[in-house]
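Residue numbers are given in my numbering: position 200 of the sequence shown equals residue 222, and the series is strictly consecutive. Glycine included, each C-beta is placed from N, C-alpha and C at the ideal position. Since the structure is predicted, the reported quantities are computational estimates derived from the model, not experimental observations. For reference, the structure discussed in these notes is given below.
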Amino acid sequence: MPNSNRLLASLSSKDAQAIRPHLRPVHLAQQKILYETGDAMIDAYFPTSAIVSLVVGLSTGEMVEVAMVGRDGVVGASSAFDGKTSLCRAIVQLTGDAFACETGALRAAATQSQSLLSILIRHEQTVYAQALQSTACMAAHDVEARLCRWLLRARDLAQSDVLQFTQEFLAEMLGVRRTSVTATAMRLQQAGMIQYSRGKIQILDIEALADTACECYATINAHYRTLLGAPPRTVV
23 MPNSNRLLAS LSSKDAQAIR PHLRPVHLAQ QKILYETGDA MIDAYFPTSA
73 IVSLVVGLST GEMVEVAMVG RDGVVGASSA FDGKTSLCRA IVQLTGDAFA
123 CETGALRAAA TQSQSLLSIL IRHEQTVYAQ ALQSTACMAA HDVEARLCRW
173 LLRARDLAQS DVLQFTQEFL AEMLGVRRTS VTATAMRLQQ AGMIQYSRGK
223 IQILDIEALA DTACECYATI NAHYRTLLGA PPRTVV
């Protein structure tokens with residue numbers, strides 16, 4: 023159902039009626055690339071259970087996540103204001119479902135509705151704010167605090183305490199070596215915060231994880247509250 027995506031559920035009846043005929047359900051497999059940097063954006067995606075990472079690639083082949091989008095938003099919203107080219111890679115980090123909308127249809131609907139255009143602009147501001155915070159987080163905070171922040175955000179979007187992620191993928195998203203993720207996950211497990219095995223992370227102590235996370239988790243949530251309303255299932 024479209025209302026399982028928070029942004030779609032927030033639309034007025036008029037805007038919902040305008041966009042609903044253009045939505046088609048899709049299943050997004052983990053590590054599926056929706057766009058590469060420089061790709062033309064054919065579809066925008068409104069996740070309902072999938073989570074998508076927006077990542078920037080470096081000449082060394084490394085990738086670093088700058089933002090995470092799930093049931094709280096849309097991937098490719100800039101296409102509604104004639105942003106035809108993706109500025110980063112969009113990769114599915116957690117398997118799930120979404121609604122796809124052809125970008126021309128989204129642009130046409132936004133052109134005809136100031137309220138729809140406004141919510142899409144606010145969403146892009148929120149993603150931009152998340153990217154800025156991630157940049158500061160990379161520069162100032164240690165791997166343990168960053169991993170806790172990342173797990174909390176993923177948990178909020180997945181609405182589950184069990185997350186399917188390999189250490190390789192986590193290292194890639196955080197922009198660190200796998201050995202750093204392994205050592206950090208081991209410390210968190212020994213502290214009773216998580217249980218990790220075979221690509222599955224189970225969050226055991228949410229309060230302790232929130233206490234260990236850097237300030238960026240709360241800051242990103244504050245941006246969502248300011249621009250879009252309260253994010254789903256937040257800890258703080």
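I think A176 touches I73, with their Cβ atoms under 8 Å apart; what is that distance to the nearest whole Å? 6 Å
Run the CB neighbour count on H145, radius 10 Å, all protein chains shown included, and call it buried at 16 or more, exposed below. buried
Closest to T188 by CA distance: which of V96, A161, K222 is it? K222
Does I55 pass the burial test, meaning 16 or more other C-beta atoms within 10 Å, or should it be called exposed? exposed
Provide the residue(s) that pair with L123 in DSSP beta bridges, ordered along the chain. The sequence shown places Cys at residue 123, not Leu. In DSSP, C123 forms a bridge with L45, A66.
Give the range of the alpha helix (DSSP H) segment to which E229 is assigned. 228-234
Between the segment 122-130 and the segment 90-102, do at least 3 Cβ pairs fall closer than 8 Å? yes
Express the C-alpha separation of Q39 and I242 in angstroms, rounding to a whole number. 31 Å
Do the segment 232-251 and the segment 140-159 touch if we need at least three Cβ pairs shorter than 8 Å? yes
Candidates T70, K36, C238, E87, of which the one nearest A167 by Cα: C238
Please list, in chain order, all residues of the same chain as V203 whose beta carbon is under 6 Å from its beta carbon, the five residues on each side excluded. Q189, L192, A193
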